[in-house]
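A short worksheet on the structure shown next.
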Amino acid sequence: MKQERDTVSKRNVIQAAIQLFNTKGYNGTSVRDIANKAGVNVSLISYYFNGKKGLAEFLMTTFLEGYVNELEKVHKLLEKKSAKACLVEALQAIMTYQHQNRQLARFVHREITFDSVLVREIMTTYLSKEKFYLSKIFEAGFSRKEFRPQSIDYIVMQLRGMLSMPFLQPQYILEVHHIKPNETYFIERYTKQLLQWVDLYICGDLKVVKQKPFVMNG
0 MKQERDTVSK
10 RNVIQAAIQL
20 FNTKGYNGTS
30 VRDIANKAGV
40 NVSLISYYFN
50 GKKGLAEFLM
60 TTFLEGYVNE
70 LEKVHKLLEK
80 KSAKACLVEA
90 LQAIMTYQHQ
100 NRQLARFVHR
110 EITFDSVLVR
120 EIMTTYLSKE
130 KFYLSKIFEA
140 GFSRKEFRPQ
150 SIDYIVMQLR
160 GMLSMPFLQP
170 QYILEVHHIK
180 PNETYFIERY
190 TKQLLQWVDL
200 YICGDLKVVK
210 QKPFVMNG
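FYI, the numbering for the sequence shown is 0 to 217, going by numbering that gives the first Met the number 0.
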């Protein structure tokens with residue numbers, strides 16, 4: 000009975016923290032705010048997570064472990080499936096995973112944009128793994144002549160931006176485009192557009208259009 004109560008309390012703390020971190024920001028949220036919203040004693044947060052910083056670290060690592068696990072599962076299929084099939088499956092799995100954890104995804108993607116010791120540690124672990132698995136899929140696609148040869152670094156950067164955008168900027172999508180980003184139909188439509196990008200820019204035989212080189216001012 001006590002174990003069940005502890006599980007419920009811990010889950011309430013996690014949900015309260017995600018909501019408050021998203022609405023008030025990490026720095027604008029106190030441990031007491033989280034405890035009040037979760038309906039628990041403040042001391043329980045220290046007991047479960049070693050304070051607010053430990054709670055934020057738990058949320059970020061939990062999300063990213065699940066995120067990377069989706070890529071790892073697809074990476075294991077490279078010997079049995081085509082590189083394109085693996086890439087498509089990876090993108091669909093990641094979008095589904097993020098949609099199912101959309102509030103947490105928003106918090107994590109936003110926090111990654113700030114420079115901190117924790118973020119640097121995450122960069123060298125989880126995000127490096129993300130790059131590794133995606134790179135292996137692209138390398139297989141190049142060697143099997145499924146993908147157009149191009150810079151893996153730039154593809155991964157562009158792809159990561161597209162994967163995170165709906166969860167990093169839901170307010171922009173809602174207020175400017177008047178589309179509800181939390182709805183399943185939006186994620187399905189967005190994922191379809193993402194897969195069309197794969198067909199066109201990763202697998203397609205694009206004609207090179209000559210144009211003036213881009214030069215940044217300043």
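For every residue, glycine included, the Cβ atom is placed at its ideal position computed from N, Cα and C.
Answer yes or no: does any C-beta atom of chain B fall closer than 8 Å to that of residue i?
i	result
residue 96	No chain B appears in the structure shown, which is made up of a single protein chain.
Using a Cβ-Cβ cut-off of 6 Å (strictly less than) and excluding sequence neighbours within five positions of residue i, which residues of its own chain qualify?
i	result
residue 51	30
residue 9	47
Please classify residue i as buried or exposed, where buried requires at least 16 neighbouring CB atoms within 10 angstroms.
i	result
residue 156	exposed
residue 120	exposed
residue 39	buried
residue 64	exposed
residue 163	buried
residue 62	buried
residue 106	buried
residue 171	exposed
When the Cα of residue i is compared with those of the options, which residue comes out closest?
i	options	result
residue 15	35, 27, 6, 26	35
residue 197	167, 179, 168, 145	145
residue 142	131, 113, 83	83
residue 183	68, 70, 98	98
residue 150	55, 105, 201, 109	201
residue 194	178, 158, 41, 175	158
residue 169	186, 153, 154	186
Tell me whether residue i sits in a helix, a strand or coil according to DSSP, three-state version.
i	result
residue 128	helix
residue 220	The question about residue 220 has no answer here: the residues shown for the chain are numbered 0 through 217.
residue 40	coil
residue 27	coil
Starting from the C-beta of residue i, find all residues in its chain whose C-beta is less than 8 Å away, skip the five residues before and the five after it, and write them out in chain order.
i	result
residue 102	17, 18, 21
I'd like to confirm something about residue i: is its beta-carbon nearer than 7 Å to some heavy atom of the ligand MN, or not?
i	result
residue 15	This structure simply doesn't include the ligand MN, nor any ligand for that matter.
Tell me the start and end of each unbroken alpha helix (DSSP H) in the segment 72 to 124 that is at least 4 residues and wholly inside, in chain order.
Listed in chain order, the complete alpha helix (DSSP H) runs (minimum 4 residues) inside the segment 72 to 124 are 82 to 99, 101 to 111, 116 to 121.
Give, in chain order, every unbroken run of the alpha helix (DSSP H) that is at least 4 residues long and sits entirely within the segment 143 to 207.
Here the runs fully enclosed are 151 to 167, 169 to 176, 183 to 196.
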